[in-house]
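Visitor: Pasting a structure below so you can have a look.
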Amino acid sequence: MRSERTTRRPWLQAGGFTLVELMVVMLIISVLAAIAVPAFIASIKSAREAVLKEDLFTMRRAIDSYTMDKEKGPQSLDDLVQGGYLKEVPVDPMTHSPTTWVTATSDVLESVDQSDPGINDVHSGSEQVGSNGQPYSSW
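Residue numbers (UniProt numbering): 1 to 139.
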């Protein structure tokens, strides 16, 4: 037979978690998050660095091909797109913009057949430092 107290308040019979149990679960979740978040951030940074290396390699190869084919260096990265050497100027993974690439122009001719100087190198426009300790702008 139910007591009068529990029949008037059925929620007293319902099972649930105590405040201590909930606090322990929250503590465990926060410890796991504290371990996982830095590892996740580091993996994002290394992925961006890998994309940057690949983009720089691709653009430098396109600059060299353009220079050899046209016998002059490109005057801008858009020349590489218009000439069909790149589909589009890639987005700098560090600055999230395709317009922040820093180009290096040299007055030295790269090949015997080259008639005009132009862009001979490209770097990221980011001021951040990579995981190797060098700024991305010097990669």
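Beta carbons are placed, not taken as given, at the ideal position from N, Cα and C, and that holds for glycine.
(1) Quick check on residue 122: buried or exposed, where buried means 16 or more other Cβ atoms within 10 Å of its Cβ?
(2) Just list the residues that DSSP pairs residue 103 with in beta bridges.
(3) Going by the beta-carbon positions, is the gap between residue 94 and residue 134 smaller than 8 angstroms?
(4) So does the stretch 59-66 actually touch the stretch 77-92, counting three or more Cβ pairs closer than 8 angstroms?
(5) Look up residue 116 in the DSSP assignment and give the residues it is bridged to.
(6) Mapping the DSSP letters down to three states, classify residue 38 as helix, strand or coil.
(7) Report the rounded CA-to-CA distance for residue 42 versus residue 71, giving the unit in angstroms.
Guide: Looking at the coordinates:
(1) Residue 122 sits at position 122 when you count from the first residue of the sequence shown. Buried.
(2) Your numbering for residue 103 matches position 103 in the sequence shown. 122.
(3) Walking along the sequence shown from the start, residue 94 turns up at place 94. Walking along the sequence shown from the start, residue 134 turns up at place 134. Taking 8 angstroms as the Cβ cut-off, residue 94 and residue 134 do not qualify as a contacting pair.
(4) Yes, they touch.
(5) Position 116 of the sequence shown, counting from 1, holds the residue named residue 116. DSSP lists 72 as the beta-bridge partner residues of residue 116.
(6) As a working mapping, residue 38 is identified with position 38 in the sequence shown. Three-state DSSP puts residue 38 in a helix.
(7) By 1-based counting over the sequence shown, the position of residue 42 is 42. By 1-based counting over the sequence shown, the position of residue 71 is 71. Their Cα atoms are separated by approximately 43 angstroms.
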